[in-house]
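Asker: The structure under discussion is supplied below as structure tokens; questions concerning it will follow.
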Amino acid sequence: MPYRFGTLAIHAGQQPDPSTGAIMTPIYQTSTYVQEAPGRHKGHEYARVTNPTRSALEGNLAALERAEHAVCFSSGVAGIDAILKGLRPGDHVIATNDLYGGTYRLFRQVFEPFGLRFSFVDMRDLAAVEAALTPSTRLLWIETPTNPLLRLLDIRALADLARSRGIDVAVDNTFATPYLQQPLTLGADLVLHSATKYIGGHSDLIGGVVCTSNEAWHEKLRFQVKSTGAVPGPMDCFLMLRGTKTLHLRMERHCANARRVADFLAQHPKVGRVHYPGLPSDPGHELARRQMRDFGGMVSFTLADDRIEKAVAVMTSTRVFALAESLGGVESLIEHPASMTHGSIPAEARRAAGLDDSLIRLSVGVEDVEDLLEDLDQALERV
Ligand code: P1T
């Protein structure tokens with residue numbers, strides 16, 4: 006029976022513990038498993054390769070992304086690293102030019118020296134993507150909505166463009182979560198999450214996951230887990246599995262609160278541009294309505310007076326919104342992409358992508374929204 010999202014979130018991948026009946030999957034805090042005879046065991050040999058708490062989490066996340074397989078990693082960037090190690094020197098990747106700064110750093114500073122090549126393109130423009138293709142292009146790297154400008158990229162159109170040329174498509178689905186968007190159903194081959202964010206949901210762990218229904222990619226990812234070992238510990242897997250049980254509930258509140266925050270900012274005289282796909286005036290709005298269930302919990306904006314000192318004054322004046330990197334937890338965060346999450350992207354590359362040095366990014370939490378609006382109002386009063 007094809008269960009719906011909320012039921013899968015709570016049950017998929019999990020059974021009562023076979024030895025005790027414990028309804029929640031235990032934290033199997035072990036490095037190895039006793040064998041009856043060499044090679045005769047209960048399905049687990051060594052915990053770098055598999056761990057029952059992790060396997061339950063992988064079953065759960067695969068179901069949520071409508072994937073055959075999910076492979077968990079110790080961080081989001083470890084998941085991206087594992088995907089890129091599936092390529093070979095000389096291979097070319099086209100990536101969106103608005104993306105998480107750590108992804109950009111991994112591409113340019115870790116993989117370029119090993120012979121991979123990257124083009125960063127505004128992927129809203131399909132003609133620009135086509136123009137960047139080379140005979141050695143092997144992968145499209147998509148983030149949508151993008152970090153931090155909340156741009157919408159058309160997964161189906163990009164996947165169609167790639168498939169006809171034998172190019173694989175990876176979507177970083179961190180901002181949307183599988184509750185709002187399931188890229189494999191739109192033609193993507195791989196989905197990546199920083200599970201640190203909405204999947205964990207409580208800002209208490211670092212984790213990553215790659216989901217795929219492509220057997221060759223699944224084999225490559227399992228090989229990376231076994232051979233390079235960037236695996237999450239069982240306690241973190243337990244916390245992620247606890248997180249997914251309320252993902253649908255949290256996302257509904259994140260989306261509702263973010264919409265109120267975006268509306269408030271859009272009408273505020275001290276605010277310049279607001280980036281939020283839920284605003285009818287947003288250039289990504291129509292695509293977001295087609296591609297996503299709702300518009301997400303992330304908002305970014307500039308002030309009407311776009312001097313950086315003014316933006317810093319707002320970021321240091323909020324009382325409920327905490328000034329910190331990361332996103333997707335229950336609590337609201339505010340940050341400065343140019344110096345924090347995207348500081349590893351050179352200033353010219355940031356400018357070319359349209360990332361203003363005065364941009365402010367919000368991760369809207371699940372607090373009472375009136376408190377969030379009052380907090381932003383008093384912070385804006387100070388500039
Ligand atoms: O931090 P880690 O779990 O390794 O995930 C990296 C990552 C990957 N993809 C996206 C879209 C991300 O936003 C991130 C991490 N981002 C932040 C820490 C941030 O504040 O944007």
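Add 5 to a position in the sequence shown, counting from 1, and you land on the number used in the numbering used here. For each residue, glycine too, the CB sits at the ideal point set by N, CA and C.
#1: Does any heavy atom of ligand 1 sit closer than 7 Å to the C-beta of residue 262?
#2: Roughly how many angstroms separate the alpha carbons of residue 166 and residue 376, rounded to a whole number?
#3: Along the chain, where does the alpha helix (DSSP H) that runs through residue 92 open and close?
#4: Check whether the Cβ of residue 213 sits closer than 7 Å to any heavy atom of ligand 1, and report yes or no.
#5: For residue 310 versus residue 371, is the C-beta distance shorter than 8 Å?
#6: In three-state terms, what does DSSP make of residue 4?
#7: For residue 122, list the residues DSSP reports as bridge partners.
#8: Mark residue 70 as exposed unless 16 or more other C-beta atoms lie within 10 angstroms of its C-beta, in which case mark it buried.
#9: Mapping DSSP to helix, strand and coil, what is residue 10?
#10: Between the alpha carbons of residue 265 and residue 379, how many angstroms are there, rounded?
#11: Is it right to say residue 303 is buried, meaning 16 or more other beta carbons lie within 10 angstroms of its own, or is it exposed?
#12: Contact defined as beta carbons within less than 8 Å: I believe residue 175 pairs with residue 144. What is the distance between those atoms, to the nearest angstrom?
#13: Roughly how many angstroms separate the alpha carbons of residue 301 and residue 181, rounded to a whole number?
#14: Can you say whether residue 109 is buried or exposed, counting buried as having 16 or more other CB atoms within 10 angstroms of its CB?
#15: I'd like to check one pair, residue 58 with residue 97: are the Cβ atoms closer than 8 Å?
#16: Suppose you measure from the CA of residue 43 to the CA of residue 49; what does that come to, to the nearest Å?
#17: Run the proximity test for residue 301: is its beta-carbon closer than 7 Å to any non-hydrogen atom belonging to ligand 3?
Answerer: Taking the geometry as given:
#1: Outside the cutoff, so no.
#2: Roughly 45 Å separates the two Cα atoms.
#3: Premise fails: residue 92 is in no alpha helix (DSSP H) and is neither H nor E.
#4: Taking 7 Å as the cut-off, one finds at least one heavy atom of ligand 1 near enough to the beta carbon of residue 213.
#5: Not in contact: residue 310 and residue 371 (Cβ atoms no closer than 8 Å).
#6: This structure leaves residue 4 out entirely; the chain is present only between 6 and 388.
#7: According to DSSP, which records beta bridges pairwise, residue 122 is partnered with 97.
#8: Per the 10 Å Cβ criterion, buried.
#9: Under the three-state reduction of DSSP output, residue 10 falls in the helix class.
#10: Between the C-alpha atoms of residue 265 and residue 379 there is a straight-line separation of about 12 Å.
#11: It is buried - the Cβ of residue 303 has at least 16 other Cβ atoms within 10 Å.
#12: With a Cβ gap of about 6 Å, residue 175 and residue 144 count as contacting.
#13: Between residue 301 and residue 181, the C-alpha separation is close to 6 Å.
#14: Its Cβ being crowded by 16 or more others within 10 Å, residue 109 is buried.
#15: A distance of 8 Å or more separates the beta carbons of residue 97 and residue 58.
#16: Their Cα atoms are separated by approximately 12 Å.
#17: Annotation note on ligand 3: not contained in the displayed structure, which lists ligand 1 as its ligands.
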